Amino acid sequence: MKKRLCVLLAATLIFTTFGGCGKPQVETVEVAKADSIVNFASYKEDIIALLDKAKVNYDFSEFFVGDEKNAPEASPYFYVMKIVLKDEPDREISIGFNNDDRIESFTASITVSQPTIGECDLNIRDYSYLRKIFNLVSEIEVSAFDCNRLMRSTRRGSKEQYESNTDAFYKKKERFFSQDKTETWVLQYSIYYNTTSDPLVFEETLAFKGNLAPRTAS
C-alpha cells in the first residue's frame, strides 16, 4: 500500500510540476479509460521506435496508476515512461500520459543536472528525437528554433541573478501554442538550484504538455 501511494504521488508530480497553465481550454473528445490504456500503449511503441531509430542508448522504466480491474471508470489513469540516457546519466527523459475525467493529456520533458549555472546550456538539436516525440503526441510542429529561443531567453541574465542570491534560484519561462486561437499546448523551460541533492546541482528542464493527439483504439 505504501509503495502504491509513492507511485501515485510520483505520477501526480509528473503532471503538476510543469503546470501553470491549467487544463488546456479547448474542445476535447472524451475517451474511455479502457481505450486510453490501448492508446497509451500504442504511443509507447511509437516512442520506443523513435528512440531505437535514433540509436539512443538508454535504460527504460515505466509505471501505471489506475489500470486495476476494480478501479472505478471515473478514477484517473496515469502511464509514465522514464528514460535515463546511459551515455549521459545526468539526463533523464520523462513522458507521461493521463486520462483524467475522460480527457487525455501528456507531459514530455528532459531534465539535465549541471554542477554550475554556467554549464546549463541544453540545446534541443542534440536531442532531435525528443522534439519528434513532442510533435508525435501533439500533432503540431514544435521547431528546434522554438525550443532553443525559449531556453536562451530564460538563461539570459541567470548567472548574474544567481550570484546576487546564492541561497536559492528558480527561473522559468513558457510559450503557448494555439489551435483555433485557443491556448492548447505549453512549452516550458526552467532552471532550478536543487539544494536537497548531494552534491548540489542546477537542474534545467525543458517540458512540453497539453492535450494528447487523438488516437483510435483498435
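Per my numbering, the sequence shown runs over residues 248 to 465.
Ideal placement from N, C-alpha and C gives every residue a C-beta, glycine not left out.
In this text, all values refer to a predicted model and were calculated from it rather than measured experimentally.
Query	Result
Residues near Phe287 in its chain [Cβ-Cβ closer than 7 Å; skip 5 each side]	Tyr326 and Phe344
Backbone CA spacing between Asn383 and Phe416 [nearest angstrom]	Per the sequence shown, the amino acid found at residue 383 is Leu instead of Asn. Near 33 Å, if we compare the C-alpha coordinates of Phe416 and Leu383.
Cα-Cα separation, Ser385 to Asp393	15 Å
Per DSSP, the bridge partner or partners of Tyr326	Phe311 and Phe344
C-alpha distance - Pro336 paired with Ala454, whole-angstrom precision	18 Å
Outcome for Gly313 when other beta-carbon atoms lying within 10 angstroms are tallied against a minimum of 16	buried
Integer-rounded CB distance, given that Lys419 should sit under 8 Å from Thr354	Going by Cβ atoms, the distance from Thr354 to Lys419 rounds to 15 Å, so no, they are not a contact pair.
Environment of Leu298 [buried if 16+ CB atoms lie within 10 Å]	buried
Cutoff 8 Å; reference Lys333; Cβ partners in own chain excluding five residues on either side	Asn304, Tyr305 and Asp306
DSSP beta-bridge partners of Thr401	Thr401 is not bridged to any residue.
Enclosing beta strand (DSSP E) for Val359 [first to last residue]	Ile350 to Gln361
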